[in-house]
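Student: Residue 896 is where the sequence shown starts when you use this note's numbering, and the numbers rise one by one after that.
By construction, the Cβ of each residue, glycine as well, lies at the ideal position given by its N, Cα and C atoms.
Keep in mind that this is a model prediction, so the values were computed, not measured.
For reference, the structure I am asking about is given below.
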Amino acid sequence: MNLARFTPDFPINLFHDILLKSYSFFQIDHLILTKHYALIIESKNLKFQIEITRNPDQLIQYDELGNSKVMDSPLQQLEKNCEWMRGWLLNKGIDLPVFGIFAVSNVNCKIVTKQEEPTIVRASFLQKKILELPRSTEFIDENTLAKLKKSILNEHMEFDQHNFLKNFDVDVKELLPGMWCDVCKKLTVSKIGFKFMCTCGNENPSSFMQAVNDYFLLMKNEMSNKECRTFLKIESAKVTYRKLQQSGLQIQGRGRNTLYLNKRSPAKN
Ligand SMILES: [Zn+2]
């Protein structure tokens, strides 16, 4: 991301790899905070060709031979992060517009979508896109902006993953297994047919990845199929295998020894 040299003629605050807690934890690649809006930028370095579809929400990646691999849609994750960022701000009594952009950093990647997706941009057009966002209204003053900045940095440090359980004095055994429902705010989601449904009838398509991210945050930077099933309370190893393979997480080892790595782990960077 070439944002370090982004110096528009209005003040911006730029954060990288931020971890916050709204309804649950959420992680943001890049966050720009201004008096006019908060902007979440998720970026991926994808090769060759990608196709992003809605209904079903998915990303299909093609290699040079035309082989395809299906992954979770980055747009779905982005929209969720925007919603949670809004919740995080509202919780502090701040009503600030939140925008999201998905930036593809590989210049050679061909991006295919069936419909217009204004939130997808090539990284080279990112600055132009940011300059186009509305700036006619100042929703917060200098003071509030400074406070927000401080809250973000404080919270982020507080949730430093290695100290997380210690900080909150939580024993690993006390952690409840399961997947989170956005409506009930409870761990009441299970896999029914092809869907991740809550007992309340709400479909939670991203509950799987949310729970996997929680695992990485609370436990460690790698998980096996079995550890995933225990933490998420899923019975089927096959279902878990398929979801983990589609997750876009880095994979290490084979067969029974397969481990799925936290994409935020230093190993990747
Ligand atoms: Zn529910």
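#1: Kindly provide the chain-ordered list of residues whose Cβ lies closer than 6 Å to any non-hydrogen atom of ligand 1.
#2: Starting from ALA998 and walking both ways along the beta strand (DSSP E), at which residues does that stretch end?
#3: From this set, LEU1139, PHE920, TRP1075, which residue's C-alpha is nearest TRP979's C-alpha?
#4: Can you list the alpha helix (DSSP H) stretches of 4 or more residues lying completely in the region 1111-1145, in chain order?
#5: Expressed to the nearest angstrom, what Euclidean distance is found between the alpha-carbon atoms of LEU1043 and ASN1116?
#6: Which whole-angstrom value is the C-beta distance of GLN956 and LEU941, which I expect to be below 8 Å?
#7: Buried or exposed: which applies to ASN962, given that a residue is buried once 16 or more other Cβ atoms fall within 10 Å of its Cβ?
#8: What are the partner residues of THR948, as DSSP defines its beta bridges?
#9: Does any residue of chain D have a CB that is nearer than 8 Å to the CB of ASN1001?
#10: Just verifying my parser: in three-state terms, what is the DSSP assignment at VAL1002?
#11: Quick check on SER1102: does DSSP put it in helix, strand or coil?
#12: Where does the unbroken beta strand (DSSP E) through ILE1087 begin, and where does it stop?
#13: Evaluate the contact criterion for the region 934-951 versus the region 1005-1014: three or more CB pairs, one atom per stretch, below 8 Å.
#14: So the candidates are CYS1123, PHE1089, LEU1070, SER1102; which of them puts its Cα closest to the Cα of THR1083?
#15: Using CA atoms only, rank isn't needed, just tell me which of ILE1015, ASN986, LEU1127, LYS1080 is closest to LEU1070.
#16: Have a look at ASP924 and ILE1087 and give me their C-alpha separation to the nearest angstrom.
#17: Please return the same chain residues whose Cβ sits closer than 8 Å to the Cβ of GLN972, not counting the five positions on each side in sequence.
#18: Only counting the same chain, and skipping five residues up and downstream in sequence, which positions put a Cβ closer than 6 Å to that of HIS911?
#19: From THR1032 to PRO1072, what distance separates their C-alpha atoms?
#20: In terms of alpha-carbon separation, which member of ILE907, VAL1078, ALA933 lies closest to TRP983?
Tutor: This is what the structure holds:
#1: CYS1076, VAL1078, CYS1079, THR1083, CYS1093, CYS1095, ASN1097
#2: Position 103 of the sequence shown, counted from the first residue, corresponds to residue 998. That run of the beta strand (DSSP E) goes 993-999.
#3: Here residue 979 refers to the residue found at position 84 when the sequence shown is read from its first residue. It is PHE920.
#4: 1120-1127, 1132-1141
#5: By one-based count along the sequence shown, residue 1043 stands at place 148. By one-based count along the sequence shown, residue 1116 stands at place 221. The straight-line gap from Cα to Cα measures roughly 29 Å.
#6: Here residue 956 refers to the residue found at position 61 of the sequence shown. Here residue 941 refers to the residue found at position 46 of the sequence shown. Contact holds; Cβ gap of about 6 Å.
#7: Along the sequence shown, one-based indexing puts residue 962 at 67. When all chains shown are included, ASN962 counts as exposed.
#8: Here residue 948 is taken as the residue at index 53 of the sequence shown, counted from 1. GLN953.
#9: In the structure shown, chain D does not exist; there is a single protein chain.
#10: What you label residue 1002 is simply residue 107 of the sequence shown in a count that begins at 1. Reduced to three states, the DSSP call for VAL1002 is coil.
#11: Along the sequence shown, one-based indexing puts residue 1102 at 207. Note: SER1102 maps to helix in three-state DSSP.
#12: As a first step, residue 1087 is located in the sequence shown; it is residue number 192 there, counting from the start. Where ILE1087 is concerned, the enclosing beta strand (DSSP E) stretches over 1081-1087.
#13: yes
#14: Residue numbering aside, residue 1083 sits at position 188 when the sequence shown is read from its first letter. The option with the nearest alpha carbon to THR1083 is SER1102.
#15: Mapped onto the sequence shown, residue 1070 falls at position 175. Looking at the Cα atoms, LEU1127 is the closest of the given residues.
#16: Position 29 of the sequence shown, counted from the first residue, corresponds to residue 924. Position 192 of the sequence shown, counted from the first residue, corresponds to residue 1087. When rounded, the distance between both Cα atoms is 31 Å.
#17: Position 77 of the sequence shown, counted from the first residue, corresponds to residue 972. Counting only Cβ-Cβ distances below 8 Å, and skipping sequence neighbours, we find GLU937, SER1101, MET1104.
#18: Taking the sequence shown and counting its residues from 1, the one referred to as residue 911 is at position 16. Cβ within range, chain order: HIS925.
#19: Locating residue 1032 in the sequence shown gives position 137, counting from the first residue. Locating residue 1072 in the sequence shown gives position 177, counting from the first residue. Cα-Cα distance, rounded: 44 Å.
#20: Your numbering for residue 983 matches position 88 in the sequence shown. The shortest Cα separation from TRP983 among ILE907, VAL1078, ALA933 belongs to ALA933.
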